[in-house]
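Undergrad: So the sequence lines, in the order shown, correspond to chains A and B.
With the numbering used here, the residue at position 104 of the first sequence is 928, and numbering never jumps.
With the numbering used here, the residue at position 234 of the second sequence is 1058, and numbering never jumps.
2 protein chains.
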Amino acid sequence: MNAVIDRLRRTTDLIVGADDLRERLDSGRPLRIKYGVDCTAPDLHLGHAVNLWMMRQLQDLGHRVVFLLGDLTTRVGDPTGRSETRPVLTPAQIDANAASFLEQVSLVLRTDPSVFEVRRNSEWYDAMPVAELLGLFAQVTHAQLMARDMFRDRVAAGREIAVHELVYPVLQGYDSFAMESDLTIVGSDQLFNEQLGRHFQQRLGAPPQVVITTPITPGIDGRAKQSKSLNNYIGLTDSPRDKFGKLMSIPDELVEAYARVYTELPPETVAALADASGPAARDAKLRLAAAVVTRYHGAGVAKAELDAFRRTFTDRTEPADMPELTVALAHPTVLDLLRAAHPNASNSDLRRLLRQGAVTLNGIRQHNPATEVDLPVILKSGPRTWHRATPTPPTAGGASPLRGSPLT
Amino acid sequence: MNAVIDRLRRTTDLIVGADDLRERLDSGRPLRIKYGVDCTAPDLHLGHAVNLWMMRQLQDLGHRVVFLLGDLTTRVGDPTGRSETRPVLTPAQIDANAASFLEQVSLVLRTDPSVFEVRRNSEWYDAMPVAELLGLFAQVTHAQLMARDMFRDRVAAGREIAVHELVYPVLQGYDSFAMESDLTIVGSDQLFNEQLGRHFQQRLGAPPQVVITTPITPGIDGRAKQSKSLNNYIGLTDSPRDKFGKLMSIPDELVEAYARVYTELPPETVAALADASGPAARDAKLRLAAAVVTRYHGAGVAKAELDAFRRTFTDRTEPADMPELTVALAHPTVLDLLRAAHPNASNSDLRRLLRQGAVTLNGIRQHNPATEVDLPVILKSGPRTWHRATPTPPTAGGASPLRGSPLT
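Next up, the structure:
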């Protein structure tokens, strides 16, 4: 079963219990793979899907994903209204979120009952007497819980931890015992809680689950992680066009990492995508975008998107050679750039160009003359007029702040 | 109702909510007084009884003591066997301990149903869903719990706190809400937990209980508190003779404090007991011992014990003047002292004295010649032979280690 593990390793940070994993895969018994989620409204993105694809690989070998809704904690009231804590959801909201979760998950996982099972942790907690819960608490120390980064950081920052938040890892850990988890595949931020799962399984006489953690991949803006609040993620439910377009917008230096974790392109292909710049970087992104769209929507859709993208952007032949526009303003607006590009045109001429949709920056249509622009940028103003706008080098001085060419 | 409060103040350290207490006493409504105990085998001593007598005063005015057995936590398993945690008890043990508790409590409290009610906190916790318990946890922060001295001390000492221990104060606090406590009278070590009771009552929309804390009185050996493990306490179930004898053995400087908290002697009498020494100190102790025994067993029994004590010890007229026996040995035994007291007697004469019960040290009969003795001590060997045995002052030297008088 080393081939299986090797394949998983492509997107693995750490395996806790690697020997157990090998042994259990060898045993031929279908493994129970814990996939635990809370019940807030889901918006799965490519980062989440890394773990889902690994589970899918195992499903294809006959192992079973147990999709565990942590519905207990969503029913915990928090009358203090602390921002840290999760919202209280009604049963109807929980059901709706669960349905949405399953719909998104089914974009990757197989959901036939032979390899997929849905559970809720209220199944065991609703039936659990308070005394038994306290018995679980007796098996964990305060120091163990406080070892968790998140708690340490909060204490260090002088922020509060409500006691229910403090004990959530205990509940999440016990879940592994209750559902007889063999394996769980989680982001590295969940390692602590899942280690507690191993702790409870061992304490309660069950074999401890294997924990595989996966790396966290940066957002499309290069920031540390994809997140809904930063709007820098590629959602599983994004249209093929949106997926394609967002992937084309990532920083060049992320192409290799994205291709490694978000596609199944062969390692040598992935390696070849690294360190490209200029037109080669665009080609590398096209390759990445097509591979990702293929994975989710099939090769036909990917080909269509590739063609559409080329038609829209590439085939309107952005010239290899275009006039430079040096800009001395620290924060030029779209209108500033247009004035520089067309020094003889009137403001109303320039505004008309904008209204007509004839102005793009790096291929993105502009409508607002007041939008501030980061340099360098490719400005297109009219069907055949291109400029490469760059900031004035620090040594330059004295000249007019903007120099350009006549309106065509 | 200031008279009531003044009377309670005799044995009060602190009142949290004194205005509420005054108002509630004035309202004429019978108050519900929380008396919470855990279910371990009880051995109530005079220290516990201070609080009970205050409750008794309130019962005499028609208020109701709610005796709350914290039976929930005794059913929490602790598979780790940490010494800090309480033993797990069977239901039969809990019932037996509860019965014993009630028997001891009834030595002070009235137990007729109009002013006494027995509850168990399992009544509400057995019916509480885990989600609701977590909802309680949501109303307390980690920092609040860690403010408790006991927890801080443990962390500082590098000792562990199991998570169930950490949350016990939450449970004890919620008890106050569930049982509708108006008032609780506790040792100052319970202030933290009972403050949490106020917290929960306020959070849940109920009037917060008043908390009265009482001072902790030293053990009969002068150590910080009475405890079973130090065997330095006077149990409520001790016989009148044992109570009397133990009180006669306390250090002189404790007489006033004991009289203040353990008796109802008028304040001026108590003040007069202070700072006595020599025979006056013994008289002060006799007064204390008689007052305590009167409180628990009535004036007749107290008089009988006083007489018996005088017959046994005082009337055998320990002379005000008696020969000194200076002892140079660092660790003299009883036999050493007897040899010094009777230099001309044979060892077998001395052993016979011991066998006859004729030898006492500070009024306590001695049988074992090898018992080591702390100096100074009053040695009685025979019906009329007294010595005051003292250590040789450090400057003395060269002389025979023991000097005494002939056997009479």
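Note that beta-carbon positions come from the ideal geometry of N, C-alpha and C, so glycine has one too.
Taking 6 Å as the limit between beta carbons, can you name the residues of its chain near residue 1024 of chain B, skipping five residues before and five after?
TA: By 1-based counting over the second sequence, the position of residue 1024 of chain B is 200. Within its own chain, the residues whose Cβ lies closer than 6 Å to the Cβ of residue 1024 of chain B, once the five positions on either side in sequence are excluded, are 997, 998, 1001, listed in chain order.
Undergrad: According to DSSP, simplified to helix, strand and coil, what is residue 1087 of chain A?
TA: In the first sequence, the residue the question calls residue 1087 of chain A occupies position 263. Coil at residue 1087 of chain A, not helix or strand.
Undergrad: When the distance is taken between beta carbons, is residue 890 of chain A closer than 9 Å to residue 1005 of chain A?
TA: For the purposes of this step, residue 1005 of chain A is taken as residue 181 along the first sequence, with counting starting at 1. For the purposes of this step, residue 890 of chain A is taken as residue 66 along the first sequence, with counting starting at 1. Yes, the Cβ-Cβ distance between residue 1005 of chain A and residue 890 of chain A is below 9 Å.
Undergrad: Just to confirm the assignment, what range does the beta strand (DSSP E) spanning residue 1215 of chain A have?
TA: For the purposes of this step, residue 1215 of chain A is taken as residue 391 along the first sequence, with counting starting at 1. 1210 to 1215 is the span of the beta strand (DSSP E), which, as asked, contains residue 1215 of chain A.
Undergrad: Quick one: what does DSSP say residue 859 of chain B is sitting in, helix, strand or coil?
TA: Position 35 of the second sequence, counting from 1, holds the residue named residue 859 of chain B. Reduced to three states, the DSSP call for residue 859 of chain B is strand.
Undergrad: Check whether the Cβ atoms of residue 1203 of chain A and residue 1185 of chain A lie closer than 9 Å to each other.
TA: If you number the first sequence from 1, residue 1203 of chain A lands on position 379. If you number the first sequence from 1, residue 1185 of chain A lands on position 361. Contact: yes.
Undergrad: In angstroms with no decimal places, state the Cα-to-Cα distance between residue 1081 of chain A and residue 1176 of chain A.
TA: Reading the first sequence from its first residue, position 257 is the one you call residue 1081 of chain A. Reading the first sequence from its first residue, position 352 is the one you call residue 1176 of chain A. Whole-angstrom Cα-Cα distance: 42 Å.
Undergrad: Tell me the DSSP secondary structure of residue 1189 of chain A in three-state form.
TA: Translated into positions along the first sequence, residue 1189 of chain A becomes position 365. Annotated three-state conformation of residue 1189 of chain A is strand, per DSSP.
Undergrad: Determine, using beta carbons only, whether residue 1038 of chain B and residue 837 of chain B come nearer to each other than 9 Å.
TA: Here the question's residue 1038 of chain B lines up with position 214 in the second sequence. Here the question's residue 837 of chain B lines up with position 13 in the second sequence. In this structure, residue 837 of chain B lies closer than 9 Å to residue 1038 of chain B by Cβ.
Undergrad: Quick check on residue 864 of chain A - is its C-beta less than 9 Å from some C-beta in chain B?
TA: As a working note, residue 864 of chain A is residue 40 in the first sequence. Judged by the 9 Å Cβ criterion, residue 864 of chain A is not in contact with chain B.
Undergrad: With a Cβ-Cβ cutoff of 9 Å, do residue 935 of chain A and residue 913 of chain A count as a contact?
TA: As a position in the first sequence, residue 935 of chain A is number 111, starting the count at 1. As a position in the first sequence, residue 913 of chain A is number 89, starting the count at 1. Against a cut-off of 9 Å, the Cβ pair of residue 913 of chain A and residue 935 of chain A comes out as no contact.
Undergrad: Residues of the region 933 to 953 of chain A with a CB closer than 7 Å to any CB of chain B: list them in chain order, please.
TA: The residues in question are 949, 950, 952, 953.
Undergrad: Consult DSSP for residue 838 of chain B and reduce its assignment to one of helix, strand or coil.
TA: If you number the second sequence from 1, residue 838 of chain B lands on position 14. Here residue 838 of chain B sits in strand by DSSP.
Undergrad: Who pairs with residue 1133 of chain B in a beta bridge, going by DSSP?
TA: Here residue 1133 of chain B refers to the residue found at position 309 when the second sequence is read from its first residue. For residue 1133 of chain B, which the question treats as bridged, DSSP gives no partner whatsoever.
Undergrad: Answer yes or no: do residue 832 of chain A and residue 929 of chain A have a C-beta to C-beta separation smaller than 9 Å?
TA: Position 8 of the first sequence, counted from the first residue, corresponds to residue 832 of chain A. Position 105 of the first sequence, counted from the first residue, corresponds to residue 929 of chain A. No, Cβ-Cβ distance for residue 832 of chain A and residue 929 of chain A is not below 9 Å.
Undergrad: Evaluate contact between the region 1209 to 1218 of chain B and the region 1143 to 1156 of chain B, counting only Cβ atoms and requiring at least three cross-stretch pairs below 8 Å.
TA: Result yes; three or more Cβ-Cβ pairs closer than 8 Å.
Undergrad: Taking only beta-carbon atoms, is residue 917 of chain B less than 9 Å away from chain A?
TA: Within the second sequence, residue 917 of chain B is the residue found at index 93, counting from 1. Taking Cβ atoms only, chain A never reaches closer than 9 Å to residue 917 of chain B, which makes this a no.
Undergrad: Could you check what DSSP says for residue 1049 of chain B in three-state terms: helix, strand or coil?
TA: Taking the first residue of the second sequence as position 1, residue 1049 of chain B is located at position 225. Three-state result, residue 1049 of chain B: coil.
Undergrad: Applying the criterion that 16 or more other CB atoms from any shown protein chain within 10 Å of the CB defines a buried residue, is residue 1136 of chain A buried or exposed?
TA: For this step, residue 1136 of chain A is matched to residue 312 along the first sequence. Exposed, since its Cβ has fewer than 16 Cβ neighbours within 10 Å.
Undergrad: By the criterion of Cβ-Cβ separation under 8 Å, what are the contact partners of residue 833 of chain B in chain A?
TA: Against the second sequence, residue 833 of chain B aligns to sequence position 9. Those within 8 Å of residue 833 of chain B in chain A number zero; the least Cβ separation is about 35 Å.
Undergrad: Suppose you measure from the CA of residue 1057 of chain A to the CA of residue 1064 of chain A; what does that come to, to the nearest Å?
TA: What you label residue 1057 of chain A is simply residue 233 of the first sequence in a count that begins at 1. What you label residue 1064 of chain A is simply residue 240 of the first sequence in a count that begins at 1. Answer to the nearest angstrom: the Cα atoms are 14 Å apart.
Undergrad: Whose Cβ in chain A lies nearer than 8 Å to the Cβ of residue 984 of chain B?
TA: Residue mapping note: residue 984 of chain B aligns to position 160 of the second sequence, counting from 1. Per Cβ cutoff of 8 Å: 965, 966, 967.
Undergrad: When you compare each of A:886, A:948, A:895 to residue 922 of chain A by their alpha carbons, which one comes out closest?
TA: By 1-based counting over the first sequence, the position of residue 922 of chain A is 98. It is A:895.
Undergrad: Along the chain, where does the beta strand (DSSP E) that runs through residue 1011 of chain A open and close?
TA: The residue you call residue 1011 of chain A lines up with position 187 of the first sequence. Looking at the DSSP string, the run of the beta strand (DSSP E) that includes residue 1011 of chain A is 1007 to 1011.
Undergrad: Flag residue 988 of chain A as yes if its beta-carbon sits less than 9 Å from any beta-carbon of chain D, otherwise no.
TA: The question asks about chain D, but that chain is absent: this structure's protein chains are A and B.
Undergrad: Establish whether the CB of residue 1022 of chain B and some CB of chain A are separated by less than 9 Å.
TA: On the second sequence, residue 1022 of chain B is found 198 positions in, with the first residue counted as 1. Not closer than 9 Å to any Cβ of chain A, the Cβ of residue 1022 of chain B fails to qualify, so no.
Undergrad: Leaving aside the five residues before and after residue 993 of chain A along the sequence, list all residues of the same chain whose C-beta is less than 6 Å from its C-beta, in chain order.
TA: For the purposes of this step, residue 993 of chain A is taken as residue 169 along the first sequence, with counting starting at 1. Taken in chain order, the residues that qualify are 1017, 1020.
Undergrad: Whose CA, out of A:892, A:856, A:874, A:862, lies closest to the CA of residue 885 of chain A?
TA: Within the first sequence, residue 885 of chain A is the residue found at index 61, counting from 1. Looking at the Cα atoms, A:856 is the closest of the given residues.
Undergrad: From residue 1114 of chain A to residue 1127 of chain A, what does the alpha carbon distance come to, in whole angstroms?
TA: Taking the first sequence and counting its residues from 1, one reaches residue 1114 of chain A at position 290. Taking the first sequence and counting its residues from 1, one reaches residue 1127 of chain A at position 303. Distance between the alpha carbons of residue 1114 of chain A and residue 1127 of chain A: 7 Å.
Undergrad: What residue from A:1196, A:1183, A:861 has the CA that sits closest to residue 1009 of chain A's CA?
TA: On the first sequence, residue 1009 of chain A is found 185 positions in, with the first residue counted as 1. Of A:1196, A:1183, A:861, the residue nearest in Cα terms is A:861.
Undergrad: Would you say residue 830 of chain A and residue 1034 of chain A are within 9 Å of each other, going by their C-beta atoms?
TA: For the purposes of this step, residue 830 of chain A is taken as the residue at position 6 of the first sequence. For the purposes of this step, residue 1034 of chain A is taken as the residue at position 210 of the first sequence. Against a cut-off of 9 Å, the Cβ pair of residue 1034 of chain A and residue 830 of chain A comes out as no contact.
Undergrad: Is there a Cβ of chain A sitting closer than 9 Å to that of residue 885 of chain B, yes or no?
TA: Against the second sequence, residue 885 of chain B aligns to sequence position 61. So, not an interface residue.
Undergrad: For a contact meaning CB atoms closer than 8 Å, what does residue 888 of chain A contact in chain B?
TA: To locate residue 888 of chain A, count along the first sequence from 1; it is residue 64. None at all; the shortest Cβ gap to chain B is about 27 Å.
Undergrad: With a threshold of 6 Å on Cβ separation, who are the neighbours of residue 1174 of chain B within its own chain once the five nearest residues in sequence on each side are excluded?
TA: Locating residue 1174 of chain B in the second sequence gives position 350, counting from the first residue. Excluding positions up to five away in sequence, the list reads 1162.
Undergrad: Output needed for residue 1094 of chain A: all residues of its chain with C-beta closer than 7 Å, excluding positions within five of it in sequence on either side, in chain order.
TA: Taking the first residue of the first sequence as position 1, residue 1094 of chain A is located at position 270. Same-chain partners within the cutoff: 1080, 1083, 1084.
Undergrad: For residue 1169 of chain B, which of helix, strand or coil comes out of DSSP?
TA: What you label residue 1169 of chain B is simply residue 345 of the second sequence in a count that begins at 1. Residue 1169 of chain B sits in coil when the DSSP states are folded into three classes, being neither helix nor strand.
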